[in-house]
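S.K.:
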Amino acid sequence: MSHLFSKEPFDQVVNLAAQAGVRYSLVNPHTYISSNIEGFLNVLEGCRQNGIKHLIFASSSSVYGANTTMPFSVSQNVDHPVSLYGATKKANELMAHTYSSLYDLPCTGLRFFTVYGPWGRPDMALFIFTKAILEDKPIDVFNYGGMKRDFTYIGDVIEGVVRVMDKIPEPNPRWNSDNPDPGASYAPYKLYNIGNNNPVELTRFIEVLEDCLGKKAKKNMLPMQIGDVPATYADVDDLMRDVGFKPSTPIEEGIRKFVEWYQDYYG
C-alpha cells in the first residue's frame, strides 16, 4: 500500500474494498478483522502520509444493527451492531474520524443499502436466486419472506459516490460536544446514507425477479438467520441537500437490467 501511494499522485481516494457480507462473518470472522480493520488502517496511513485531499470510504447499512427507528438517519446512535461485519464498518467510521480529527484528513463515509445490479457479488441474494431459479433449484427465503430491504441499484450508488467526491467535508461550526451528532463533526468528516429510500418486501423482490426470468421460484420458507435485521430504510435528506441527488431506480427496472446482464454474461 505504501508503495502504491508513493508511486501514484492521488488527489482523492475512494476505498470500496472490504470483506463484505453478514452471513460469512459468522463463518470466518478473522478475515473481517484483517481486511476491514488492518486493511483500512493501511489506507488511512497512505492518505495521511501523502496529503490526500479527500478520502471517501464504503460503510454499510449494517452499522444500524438493532436500531428500529425508521428511516435510518446518520444522526442516530449506532452502538448496537448485530453482526461482526456491521461492527467492523462502524469501526471504519470511528477510525476515519480519528484521522480526520488528528491529521485534518477530510473523510466521507457512505452507508450503502443492499446494493444490487450487474457485476455484483455472487453471494448476494439476487445472484443466488437467479442461478437457482434458472437451474430449477429451490431458494431459501428467510424470515418467511417478510424482511424489507432498501434495495439500491448499482448505477445510483456510483452516481452518489461520484457526486460526493466533489463535496469535500468541512468542520461543522454548529456541532455541539454536549449533544454530539454522529453524522457530522468539528473535524472535516461527514457520513451519508446511499439508499433507495423505499423499502421493498423480499416476497415482492422475488416476484419481480420471477417476472423478469419468466419462471417461478421454488421456495424454502425459513425463519430469520442470526445477524440479520427485519428491515432497512435510508434517510437520504442529507445527500439530497448537499449533492442534489437521491437514488430512485425502482426494482422493476434494476432487476430487469440485472437479468439482461446475467443472461448475456453467463449465456
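Numbering (my numbering), first residue to last: 52 to 318. Ideal placement from N, C-alpha and C gives every residue a C-beta, glycine not left out.
Could you spell out the range, first to last residue, of the beta strand (DSSP E) harbouring Met272?
M.R.: From DSSP, the beta strand (DSSP E) with Met272 extends over 269-272.
S.K.: Could you spell out the range, first to last residue, of the beta strand (DSSP E) harbouring Asp191?
M.R.: Residues 189-192.
S.K.: Among Leu290, Thr203, Ile245, Val294, which residue has its Cα nearest to the Cα of Phe256?
M.R.: Per the Cα distances, Thr203.
S.K.: Across which residues does DSSP place Ile257 in a beta bridge pair?
M.R.: BP columns for Ile257 are empty, so no partner.
S.K.: Given a threshold of 16 other Cβ atoms within 10 Å of its Cβ, counted over all protein chains shown, does Asn66 qualify as buried or as exposed?
M.R.: That one is buried.
S.K.: Look at the alpha carbon of Leu77 and the alpha carbon of Leu264, and state the distance between them as a whole number of angstroms.
M.R.: Spanning the two alpha carbons is a distance of roughly 32 Å.
S.K.: Mind checking Ile306: buried by the 16 CB within 10 Å criterion, or exposed?
M.R.: Looking at its Cβ environment, which holds 16 or more other Cβ atoms inside 10 Å, Ile306 is buried.
S.K.: So, are the CB atoms of Gly160 and Glu144 less than 8 Å apart?
M.R.: Contact: yes.
S.K.: Which residue comes first and which comes last in the beta strand (DSSP E) that contains Lys241?
M.R.: Counting along the chain, the beta strand (DSSP E) containing Lys241 begins and ends at 240-245.
S.K.: I'd like to check one pair, Met216 with Ile103: are the Cβ atoms closer than 8 Å?
M.R.: Cβ distance not < 8 Å, so Ile103 and Met216 don't count as in contact.
S.K.: With 16 other CB atoms within 10 Å as the buried threshold, where does Ser57 fall?
M.R.: The residue is exposed, with fewer than 16 neighbouring Cβ atoms inside 10 Å.
S.K.: Would you decide whether Arg172 is buried or exposed? Buried here means 16 or more other CB atoms lie within 10 Å of its CB.
M.R.: By the neighbour-count rule (16 or more Cβ atoms within 10 Å), Arg172 is not buried but exposed.
S.K.: In three-state DSSP terms, what is Thr181?
M.R.: Helix.
S.K.: Using DSSP bridges, identify the partner residues of Thr323.
M.R.: With the chain covering only 52 through 318, there is no way to say anything about residue 323.
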